[in-house]
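Student: Here it is, the structure, as structure tokens.
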Amino acid sequence: MLSFKKSSLIAATAAAAVGTAMLGSYCVYKLITTPRYKDPNKLIEQVKTYFMKTAGSYILNEPVIYTKDGIQYEAYQGGITTSRNHTFKNYDIYLDAKKGNVLDIIELS
Numbered sequence: 001m002l003s004f005k006k007s008s009l010i011a012a013t014a015a016a017a018v019g020t021a022m023l024g025s026y027c028v029y030k031l032i033t034t035p036r037y038k039d040p041n042k043l044i045e046q047v048k049t050y051f052m053k054t055a056g057s058y059i060l061n062e063p064v065i066y067t068k069d070g071i072q073y074e075a076y077q078g079g080i081t082t083s084r085n086h087t088f089k090n091y092d093i094y095l096d097a098k099k100g101n102v103l104d105i106i107e108l109s
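Each residue of the sequence shown is one higher than the one before, starting from 1 at the first, in UniProt numbering.
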């Protein structure tokens with residue numbers, strides 16, 4: 001009877017180990033395959049510090065595909081308006097959603 005309990009305990013331990021390994025593998029898989037994006041609101045606040053007298057700004061919360069120099073990026077698209085001597089200038093901005101880098105600042109006419 002003792003050997004039956006021992007073999008049952010070994011089987012239960014093995015099943016628990018296999019289940020734990022499967023769950024751990026799934027968690028690692030989800031962690032690797034799920035894209036992680038920077039907070040767009042924090043990024044726009046950082047970019048606004050590059051400009052003097054910011055009159056307004058916006059940023060889209062969903063990344064878009066932006067191509068620069070033949071490379072595609074997942075990027076946040078936004079805009080900034082500045083004022084100087086009662087004159088407004090508008091800029092489109094593109095920020096790398098994963099790294100937070102400024103990809104492009106385009107002055108609009």
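Backbone N, C-alpha and C define an ideal beta-carbon position, used for all residues, glycine too.
Where does the unbroken beta strand (DSSP E) through Leu108 begin, and where does it stop?
Tutor: If you number the sequence shown from 1, residue 108 lands on position 108. From DSSP, the beta strand (DSSP E) with Leu108 extends over 102-108.
Student: Please classify Ser5: does DSSP put it in a helix, a strand, or coil?
Tutor: Taking the first residue of the sequence shown as position 1, residue 5 is located at position 5. Residue 5 is actually Lys in this sequence, not Ser. Lys5: helix per DSSP, three-state reduction.
Student: Is Leu43 helix, strand or coil by DSSP?
Tutor: Sequence index remark: in the sequence shown, residue 43 carries index 43 (1-based). Helix.
Student: Taking 8 Å as the limit between beta carbons, can you name the residues of its chain near Leu60, skipping five residues before and five after?
Tutor: Numbered from its first residue, the sequence shown carries residue 60 at position 60. Within the same chain, Leu60 has close Cβ partners Pro40, Tyr76, Gln77, Gly78.
Student: Is it buried or exposed, Ile106, if we count other Cβ atoms within 10 angstroms and call 16 or more buried?
Tutor: Numbered from 1 along the sequence shown, position 106 holds the residue referred to as residue 106. Classification of Ile106: exposed, given that the 10 Å Cβ count is below 16.
Student: Looking only at its chain, what residues have a beta carbon closer than 6 Å to the beta carbon of Met1, apart from the 5 residues adjacent to it on each side?
Tutor: Here residue 1 is taken as the residue at index 1 of the sequence shown, counted from 1. For Met1, the predicted structure reports a pLDDT of 49, less than 50, and the residue's modelled location is therefore unreliable. The matter cannot be settled from this model.
Student: In chain order, what residues of the same chain lie with their CB nearer than 8 Å to the CB of Val64, ignoring the 5 residues before and after it?
Tutor: Translated into the one-based positions of the sequence shown, residue 64 becomes position 64. So the list reads Glu74, Ala75, Tyr76, Gln77, once near-sequence residues are dropped.
Student: Might you give, ordered along the chain, the residues of its own chain that have their beta carbon closer than 7 Å to the beta carbon of Asn90, omitting 5 neighbours on each side?
Tutor: The residue given as residue 90 occupies position 90 in the sequence shown. Excluding sequence neighbours, Asn90 sits near Gly79, Thr81, Leu108.
Student: Grouping DSSP H, G and I as helix and E and B as strand, with all else coil, what is Thr33?
Tutor: Locating residue 33 in the sequence shown gives position 33, where the first residue counts as 1. Residue state, collapsed to three classes: helix.
Student: Whole-angstrom Cβ separation of Arg84 and Lys38, contact assumed at under 8 Å?
Tutor: On the sequence shown, residue 84 is found 84 positions in, with the first residue counted as 1. On the sequence shown, residue 38 is found 38 positions in, with the first residue counted as 1. Wrong, their Cβ atoms sit about 29 Å apart, outside the cutoff.
Student: Could you name the residues that DSSP lists as bridge partners for Asn61?
Tutor: One-based indexing of the sequence shown puts residue 61 at position 61. Asn61 pairs with nothing; no bridge assigned.
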